[in-house]
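Everything below concerns the one structure shown next.
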Amino acid sequence: MKGWQTNEASVHPYFSLGDLWESFGEWSVYGVGSPVLLMDGACVKQYFAPYLSGIQLYIDPNKLRKTSGDSDAGSSRGTSTGSSDCVAEKRATSAADGAKPPHVRKPLCDKVSDLASYFPEIKTYRSCDLMPESWVSVAWYPIYSIPPGPTLQNLEASFLTFHCLSTHCRSKIQPQFHESTGRKGYGYDASPKISLPVFGLAFYKLRGSILTPNGESEWQQTNSLFQAAANWLQRLQVNLPDFQFFLSRWR
40 MKGWQTNEAS VHPYFSLGDL WESFGEWSVY GVGSPVLLMD GACVKQYFAP
90 YLSGIQLYID PNKLRKTSGD SDAGSSRGTS TGSSDCVAEK RATSAADGAK
140 PPHVRKPLCD KVSDLASYFP EIKTYRSCDL MPESWVSVAW YPIYSIPPGP
190 TLQNLEASFL TFHCLSTHCR SKIQPQFHES TGRKGYGYDA SPKISLPVFG
240 LAFYKLRGSI LTPNGESEWQ QTNSLFQAAA NWLQRLQVNL PDFQFFLSRW
290 R
């Protein structure tokens with residue numbers, strides 16, 4: 040995929056949302072493994088499947104790309120009507136599949152493809168097109184463990200992670216670029232891989248599980264991320280079903 044080398048992009052690296060969703064492709068099918076050390080010293084790998092829980096895309100009107108008839112990669116002015124349309128689409132996709140139980144939800148990549156059928160920009164926007172308020176939440180539910188066994192009954196914890204999608208210069212939570220293969224980052228020659236830091240977290244069945252945070256400091260960090268997620272949703276006035284479910288059961 041081609042990167043647009045604008046002056047700002049050369050200072051602030053960016054990525055394509057399409058590349059971001061592509062990076063979830065294998066995880067959506069097979070899950071992502073997390074090593075777990077059991078009390079008896081045995082090590083197992085717990086697999087979690089990602090689901091799209093919520094997403095909001097706030098578009099910088101000064102950075103909307105020109106229509107397909109223009110070959111220039113510069114910015115174009117956004118109109119108030121266009122901005123309102125973006126907000127309307129953003130509201131329509133904000134709940135994603137969060138109101139459905141995990142076993143009937145579509146994998147994250149399939150859900151994004153469904154949304155792209157009426158909101159194609161969800162695959163084409165660049166992170167530098169997005170305002171700092173743009174975010175995505177991913178629900179991670181356990182699907183299987185290797186090796187399986189009766190000792191793994193406490194590996195039922197589920198998580199909801201919140202990530203900023205913007206590399207706008209005003210963003211306080213910036214994606215991090217690394218020198219390895221992965222999602223394509225543009226405007227920064229030496230770092231093709233990007234990681235999106237977690238700025239908020241919710242959890243279900245964490246307390247009492249094998250994945251329980253170890254010690255007061257880890258619990259403080261976990262609770263701080265939980266509160267950050269609550270504050271974020273409250274500030275943006277978003278009712279996220281997954282978060283409400285986790286909130287009612289987090290103690």
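Just so it is clear: in the sequence shown, position 106 is 145 by the numbering used here, and no numbers are missing.
All C-beta atoms, glycine included, are put in the ideal place defined by N, C-alpha and C.
Given the structure is predicted, the values throughout are model-derived calculations rather than measurements.
ask   = Are residue 201 and residue 143 touching if we call contact CB-CB under 8 Å?
value = no
query = So what does residue 202 bridge to, in DSSP terms?
reply = 175, 237
ask   = With contact counted as at least three CB pairs below 8 Å, one residue from each stretch, are the stretch 260–270 and the stretch 161–172 in contact?
value = no
task = May I ask which residues mark the beginning and end of the alpha helix (DSSP H) holding residue 275?
result = 255–275
inquiry  = Suppose contacts are defined by Cβ-Cβ distances below 8 Å. Is residue 205 in contact with residue 169 by that definition?
reply    = yes
message = At the level of alpha carbons, what is the spacing between residue 203 and residue 234?
response = 11 Å
ask   = Where do the ends of the alpha helix (DSSP H) carrying residue 69 lie?
value = 64–69
ask   = Relative to the alpha-carbon of residue 286, which residue among 90, 67, 198, 58 has its alpha-carbon at the smallest distance?
value = 198
ask   = Taking all protein chains shown into account, do 16 or more other C-beta atoms lie within 10 angstroms of the C-beta of residue 68, making it buried, or fewer, making it exposed?
value = exposed
query = Can the beta-carbon of residue 240 be found less than 8 Å from the beta-carbon of residue 264?
reply = yes
query = Over what stretch of residues does the beta strand (DSSP E) that includes residue 152 continue unbroken?
reply = Not the beta strand (DSSP E): residue 152 falls in the alpha helix (DSSP H), residues 147–155.
Option nearest residue 92 by Cα separation, candidates 141, 273, 276 = 141
request  = Please state whether DSSP places residue 287 in a helix, a strand or coil.
outcome  = coil
request  = Figure out for me which residue from 242, 83, 89 has the closest Cα to the Cα of residue 62.
outcome  = 89
ask   = According to DSSP, is residue 80 helix, strand or coil?
value = coil
query = In the DSSP assignment, what residue or residues form a beta bridge with residue 75?
reply = 83
inquiry  = Taking the alpha helix (DSSP H) that residue 162 belongs to, which residues open and close that run?
reply    = 160–163
key: Whether residue 182 touches residue 70 by CB criterion (8 Å)   = yes
Supposed contact pair residue 184 and residue 83 - C-beta distance, whole angstroms, cut 8 Å = 5 Å
request  = Compute the beta-carbon to beta-carbon distance between residue 173 and residue 96, rounded to the nearest angstrom, for a pair I have assumed lies under 8 Å.
outcome  = 5 Å
task = Output yes or no for whether 8 Å exceeds the beta carbon distance between residue 178 and residue 281.
result = yes
query = Would you call residue 56 buried or exposed, if buried means 16 or more other Cβ atoms sit within 10 Å of its Cβ?
reply = buried
Of the residues 98, 243, 187, 257, the one placed nearest residue 86, counting alpha carbons only = 187
key: Residue from 232, 244, 66, 284 with nearest C-alpha to residue 145   = 66
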